[in-house]
Structures are given as structure tokens and as C-alpha cells.
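Below: the structure, in C-alpha cells.
There are 2 protein chains.
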Amino acid sequence: MSDYRDFYQGRRVIVTGGLGFIGSNLCRRLADLQAHVLAVDSLLPDYGGNRFNLDGYENRIEVNIADVQGRAMEFLVQGQEVLFNLAGQVSHLDSMRDPFTDLEINCRSQLWILEAVRKMNPDIKIVYAGTRQVYGKPTRLPVDETHPLNPTDVNGINKISGELYHLVYHAAYGIRASSLRLTNTYGPRQLIRHNRQGFIGWFMRQIVLGEEIQIYGDGRQRRDFNHVDDVVEAFLRAGALETADGQIINLGSDSPISLLDLVKTMVRIAGGGSYSIIPFPDERKRIDIGDFYADITKARHVLGWEPLVPLEQGIDRTIRYYRRHRANYL
Amino acid sequence: MSDYRDFYQGRRVIVTGGLGFIGSNLCRRLADLQAHVLAVDSLLPDYGGNRFNLDGYENRIEVNIADVQGRAMEFLVQGQEVLFNLAGQVSHLDSMRDPFTDLEINCRSQLWILEAVRKMNPDIKIVYAGTRQVYGKPTRLPVDETHPLNPTDVNGINKISGELYHLVYHAAYGIRASSLRLTNTYGPRQLIRHNRQGFIGWFMRQIVLGEEIQIYGDGRQRRDFNHVDDVVEAFLRAGALETADGQIINLGSDSPISLLDLVKTMVRIAGGGSYSIIPFPDERKRIDIGDFYADITKARHVLGWEPLVPLEQGIDRTIRYYRRHRANYL
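From first to last, the protein sequence lines stand for chains A and B.
Numbered by my numbering, the letters in the first sequence go through residues 59 to 388 in order.
Numbered by my numbering, the letters in the second sequence go through residues 59 to 388 in order.
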């Protein structure tokens, strides 16, 4: 397990959503491990893709702008050994306002990718970016992988489809696919221009701009957080390990924290900032999931994975990143 | 509970897939209960819609040919009090051969219907036709509603989406929706022209034509069966009862039977016929679910429902129906 990183040296790897938040961090790490990286991204406005995310790696990572819907993927997957499948629409609110677009991107696109792989490169290895959103409002905590799937919004439903397509293509066609169910991920290179891609990025923005952070509800909702470096590490392990094939695996953290405590920590580390607690807007309240933190026992066993970046250190590095590069994110 | 049938007298009811197998049987029963019935069907070739299914009811049931995808539904749902949502593509094999079409019909269409309802008639009551296929290969028997969702084919995944959209629209927008998860349904008015819509209809066809029935595997797979009259009864109850709102409820039977015994019974009742046992074709084997029978405790409690048609009697009536009307089904 300790030398899985050697696995990527000289290997051909394709990353969908490769200019996005997690995708770009993964591409950079893969390039550091001397993989041949192809980042595919549609650069749809508002979705998180940002060319600056590969700043400094322009000569080491190949970029191809393409929609993963359509037959371009049939060409792009050829000759690739690992596919990290991170293209997606991540806004829960957007999925309720425009459920059809969410379906196109999170559900239908996945069929295009899997059909391309089945036809052109069935020996490829796939790791899919799933989400804790498939569980909905937890009926028990921490949430393990057998927790019922009761999503509260259309995004959660379409992400279930995207994930299950991978498992059916694994079972029916032998395509080596696995899914990591991500919880709140934070860190450098996230879209923080608008507040529809998760609260953590939006909080970062407010901190960097010195604006007041608004916490919905009472601030006592507990959540778990992963720094993007830890998430990248999990993807690398799942991509290298045969034992991950056909598996669904939670990421997450053993140390949930209330939103109020999170914000207080951010303000302290940033050396300034303010917050207020306000009632939920209706459209957010009806899809809110309350307390959530994941059981990551399976990730430990199957991937040998452990989140290593302490929250305070991760927040500190993230705030420094956005302060340094604010022109590229704000 | 005993007089829920009065509920439908004079009520305006819309049935999607109303010319199909279960939809047409439901429309006829609703007309008998003196509801104002609007049957909506796209009459796509090979999908089960058949104008003859409403034979004798032409003056009592309004028929509108329309695709449930698109904005026609925004008009059609207006003024309706109950929507029985049975439009769908039911072939597992087709869903693997052409996953995009299955997605369009079983997943995307449901968003069109729910968006039409949300915009134009949020007070309508909906009962959705779900399927036991969402469970996949059972990990325990009988299968209750909390069994994990591990579908073996694309159809099962898209039916999960269709069902969960209803539940999310219930939770987020207060739309009164429920889902019945159907097991093998048999009876008059099923499509039996080809063998891609479930084995029971195909067996009926072979019996009526006097051709040899081919059983895949070893014939020992146990399944449960509902006569369509019982299924119609469950829909009527779910449509009338407030306690069904937001619920997912299995249909099924307490008396599973092996496929071999089923075929022997059919041959005996038909007074002739033959069968053979052959290996699974590959494309069927990889999506087969093995033994399946449902736990129907919840249907008993929530709907007061009980399957009443004995299998032998149901088979007898079905064979007689197809013999009498074979020109319309073969």
C-alpha cells in the first residue's frame, strides 16, 4: 500500500472535470507523480472549471475542452489506463431550479462516458466522484455506506444514477469502476464566485473579502470536512488498488464540527471577519440535510486511507491561497 | 377502507401509459367506478400501448395520444384530481442495449410530469408505478422496502430516479405522491408480441401459440406474481388514501413459485404445451436477479391490500383472454 504512488509513473490518466476544484488538484498531483495527464473539461460558466487551476502545470498537463456528453469521449478515452470521473454539476439549489440540466450533466453524461469506455476501452479503470448527498437527511450517525438512500434534492438523485451506472457497468460488463462518496471538501481552487456550490467555499470568499458570513439555521448543524489534498489521496489509492473495484466508499472525517464552530475557527485563523446567524431561506431549508458525518471505516480498510490534514491547518492554507490569488477566484 | 371505491365516483383522473397493460386495466376499472378518465399514451411501437386494450370502453374513457416528455403535460394535468403515473419502458434488456432511450422514458419523462404538476396543479395526487427491479439481486428474502437498492441493469437505475423524483417533489413541494413497487404482473392486455417485456407474457404467448416455452437456467428461480386485477386494486387504494402519501410500498405475493412449477401449471391449465430448460443467454444472465419475492406487510398495513386472485385462476382467465383475442395481441 505504501508505494501505490509508483503506480502512476508514466501511466496515462484522463480526468473529467480536470479544470474544476478537485479535478485540478488531482491533475497537479498526478503530474507530480509523473503520470501523463489529460484534463477534460467543458468550462461551463459557473460550474467550477478555471484555467488558472492548472497554473504552473501548463506544460505538464494536456488540456482538452470538451463536453463529456457526446461522442468526443469515444476518442478521448482511447489508450488511457485510468479515468478519474469528476465532471459534474454540484449545486443542490440549481438542481431544484433546473432539474433537467442537472439530469443532463450528472446522469445522462455518465452514460455517455460509460458507453464510450465500454465500446472503446473496456479495460480502463474508473474512479467516480460520488457524494454524501445521496443519503439525504441521516437517520443514523455516523453514516456508513449501507445507510438508506433518501436524497432531499434532484442533484442527490441524479448522483445516485451516475454512481449506479458505474456499478452496473462493472457487474454486467466487467468494467473496473468504483465510487467515492465525498463529503464537504474544501481547499484551494474551488469556485467561490457564487454561493451555490456549497457553503464552505462561500465562507472562504466572505473571509477573504472581509464580508459578514451568514450561517443558516442555528449554526449547530454538525458536518465533516476533508481538505482537497486528502480527497486527492483517496482518488489516487482507489485508482491504483484492485480491491476498490465495484465498491462504494465514503470519504469523511471522524471529527465533525458545528457550522458555528467552523466559522469561529475561520475568523480566528484569518485574523478577522464577522458572522451572523439568520433563518434558512425556504428554498434551502427544504433540501437541508441537518447533521451529517460519515463513517469512514471502509475507506480505512479498503484504501488504507486516513484524512491527514488537520482542519485548522487546512483552513489556514486555503485562506492564504485565496488571498494570494484572489484576482483569479473573485 | 371498505368504501374507498366511492372516492372515484365523478372524480377526474389521468392515467399515463393508459393504453398499456396495467394502465388500461386501471382505466377500465376507474370507468366502472364512474370516474372521468383521461388515458394518455404515446403508443410508441413495442412498448405495450394498444388501442384494443380499451375495447368496449371507447365512449367512457377519453384518450389523448401524447408523449409525457414535453409541455403537453402542462395542459393535460390541469383540473385533474388523481394522476396514475404508469408511462414507462419496462424492458430490462432494451435498457442495456439502448440506455439513453430508457433514461429518456423512465427518468427524464418523470421530471417533465412532475414539473408540469408543480407548475400547473400542485394539489393533484400521484401514484407512481415503481418496480422491484430497483432492489436487484436480493440479499435477503422476502424483500421489504428497506432492502438496499442494487439494481442489475440500467432500467432498474432509471426507475429509482423516477421514484425518488416523486419523493423529493413530495418532501420539497408538498406534492402528494407515492410509489408502488410492482413485482411480476400478469393478466389480460399485456404486450406479448415480443419477449423483452418480462417472461410471463412471453410464456402466455407460447402457450396460446402452442409453441415450446424455454426456461432459462435451471427453472428453480422462485418469483412472486400478481394478477393485474390485484395490482389495479392497489393503485386505487393508494390513490384514495392520504396515508400513502410520501410512501414507497411493495406489491407482491406470499406464495412464490419456481419458474418450472409456473410453466407446469400453465401447461396443465392450458390443456397442452411443452417446455425445455436451456442455459441463460449471456446478455440475460448478467442482469438476472435470481430468486425474488416481496414482503408485502407494508401494503397490508398502509393500503389494507391483499392479493386476492389465486394464481391458477388468474392464469386460466389470462389464457382464455388471449385465446379469444389473439388477433389483437399476436
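For each residue, glycine too, the CB sits at the ideal point set by N, CA and C.
Since the model is a prediction, treat every value here as computed from it, not as a measurement.
Give the interface partners of residue i over in chain B, defined as CB-CB distance under 8 Å, in chain order.
i: Asp211 (chain A); result: Val226 and Ala230
Going along chain A in order, which residues have a C-beta closer than 9 Å to the C-beta of residue i?
i: Asn216 (chain B); result: Cys165 and Ser219
i: Tyr274 (chain B); result: Here the premise fails: no neighbours, minimum Cβ distance about 16 Å.
i: Ile345 (chain B); result: Val226, Ala229 and Ala230
i: Leu161 (chain B); result: Leu161, Cys165, Arg166, Leu169 and Ser219
For residue i, collect the residues of the same chain with a Cβ closer than 8 Å to its Cβ; drop the 5 residues on either side in sequence, then sort them by chain order.
i: Lys356 (chain B); result: Asp202, Glu203, Gln305, Ile307 and Asn308
i: Asp303 (chain B); result: Lys183, His228, Arg234, Ala235 and Ser236
i: Arg378 (chain B); result: none
i: Gly188 (chain A); result: Lys217, Gly220, Glu221, Ser237, Leu238, Arg239, Leu240 and Ile306
i: Ile347 (chain A); result: Gln191, Tyr193, Gly194, Lys195, Pro196 and Thr210
i: Arg198 (chain B); result: His205
Could you name the residues of the same chain whose beta carbon sits closer than 6 Å to that of residue i, not counting the 5 residues immediately before and after it, in chain order?
i: Ile258 (chain A); result: Asn242 and Tyr244
i: Ile327 (chain A); result: Ile373 and Asp374
i: Gly331 (chain B); result: Ile265 and Val325
i: His285 (chain B); result: Gly245, Val367 and Gly372
i: Gly106 (chain B); result: Gly78, Phe79 and Leu249
i: Ser149 (chain B); result: Arg254 and Gln255
i: Ile335 (chain A); result: Ile273 and Gly277
i: Ala89 (chain A); result: Val95, Tyr115, Arg118 and Ile119
Applying a beta-carbon distance threshold of less than 9 Å, which residues of chain B neighbour residue i?
i: Glu173 (chain A); result: Pro157 and Phe158
i: Tyr186 (chain A); result: Neighbours of Tyr186 (chain A) on chain B: none; closest Cβ ~14 Å, over 9 Å.
i: Tyr223 (chain A); result: Pro157, Val212 and Ile215
Beta-carbon within less than 7 Å of residue i's beta-carbon, same chain only, minus the 5 sequence neighbours each way: which residues are those?
i: Arg381 (chain B); result: Val266
i: Leu318 (chain A); result: Ile273, Gly277 and Arg278
i: Met59 (chain B); result: With a pLDDT of 48 at Met59 (chain B), under the threshold of 50, the modelled position of that residue is not reliable, and the figure given next carries that caveat. Gly362.
i: Ile218 (chain B); result: Val192, Leu207 and Pro209
i: Arg384 (chain B); result: Val266
i: Ala13 (chain A); result: Here chain A comprises residues numbered 59 to 388, so residue 13 (chain A) is not present and cannot be evaluated.
i: Leu91 (chain A); result: Arg63, Tyr66 and Gln67
i: Phe261 (chain A); result: Ile271, Val321 and Met324
i: Glu132 (chain B); result: Ala174, Lys177 and Met178
i: Pro103 (chain A); result: none
i: Asn111 (chain A); result: Leu77, Ser82 and Arg247
i: Pro400 (chain B); result: Since the first and last residues shown for chain B are 59 and 388, residue 400 (chain B) lies out of range.
i: Pro41 (chain A); result: Missing from the structure shown is residue 41 (chain A); chain A here goes from 59 to 388 and no further.
i: Gly329 (chain A); result: none
i: Arg280 (chain A); result: Pro314, Ile315, Ser316, Asp349 and Tyr351
Which residues of chain A have a Cβ atom closer than 8 Å to the Cβ of residue i, listed in chain order?
i: Met178 (chain B); result: Within 8 Å Cβ-Cβ: nothing; Met178 (chain B) doesn't reach chain A, min ~16 Å.
i: Phe151 (chain B); result: Sequence check: residue 151 (chain B) is Leu here, not Phe. Residues of chain A passing the Cβ test: none, with the nearest at roughly 11 Å.
At a CB-CB cut-off below 7 Å, which residues of chain A make contact with residue i?
i: Met131 (chain B); result: The premise fails here: Met131 (chain B) is roughly 14 Å from chain A at the closest Cβ pair, so nothing lies under 7 Å.
Name the chain B residues whose beta carbon is nearer than 7 Å to that of residue i?
i: Met154 (chain A); result: Ala230
query: Any contact of the stretch 172-185 of chain B with the stretch 225-232 of chain B, i.e. 3+ C-beta pairs under 8 Å?
result: yes
message: So if I threshold CB-CB distances at 7 Å, which residues from the stretch 193-211 of chain A count as touching chain B?
response: Thr204, Pro206, Leu207, Pro209, Thr210 and Asp211
- prompt: Are there three or more Cβ pairs, one per stretch, closer than 8 Å when the stretch 91-105 of chain A is compared with the stretch 119-130 of chain A?
  reply: yes
message: Using 8 Å as the cut-off, can you tell me whether the stretch 275-284 of chain A makes contact with the stretch 61-75 of chain A, which would need three or more C-beta pairs spanning the two stretches below that distance?
response: no
- request: Evaluate the contact criterion for the stretch 141-148 of chain A versus the stretch 71-87 of chain A: three or more CB pairs, one atom per stretch, below 8 Å.
  value: yes
message: For a minimum of 4 consecutive residues, which ranges assigned as the alpha helix (DSSP H) are wholly contained in the stretch 110-166 of chain B?
response: 130-134, 150-155 and 157-161
task: Flag this pair as touching only if the stretch 159-169 of chain B and the stretch 208-219 of chain B have three or more C-beta atom pairs under 8 Å; answer yes or no.
output: yes
- request: Could you say if the stretch 339-347 of chain A and the stretch 292-301 of chain A meet the contact criterion of at least three C-beta pairs nearer than 8 Å?
  value: no
field: Whole beta strand (DSSP E) elements within the stretch 201-272 of chain A, 3-residue minimum
entry: 234-240 and 242-244
query: If you scan the stretch 314-360 of chain B from start to end, which runs of the alpha helix (DSSP H) of 4 or more residues do you find wholly inside it?
result: 317-328 and 340-343
field: Any beta strand (DSSP E) of 3 or more consecutive residues that is wholly inside the stretch 87-112 of chain B
entry: 94-99
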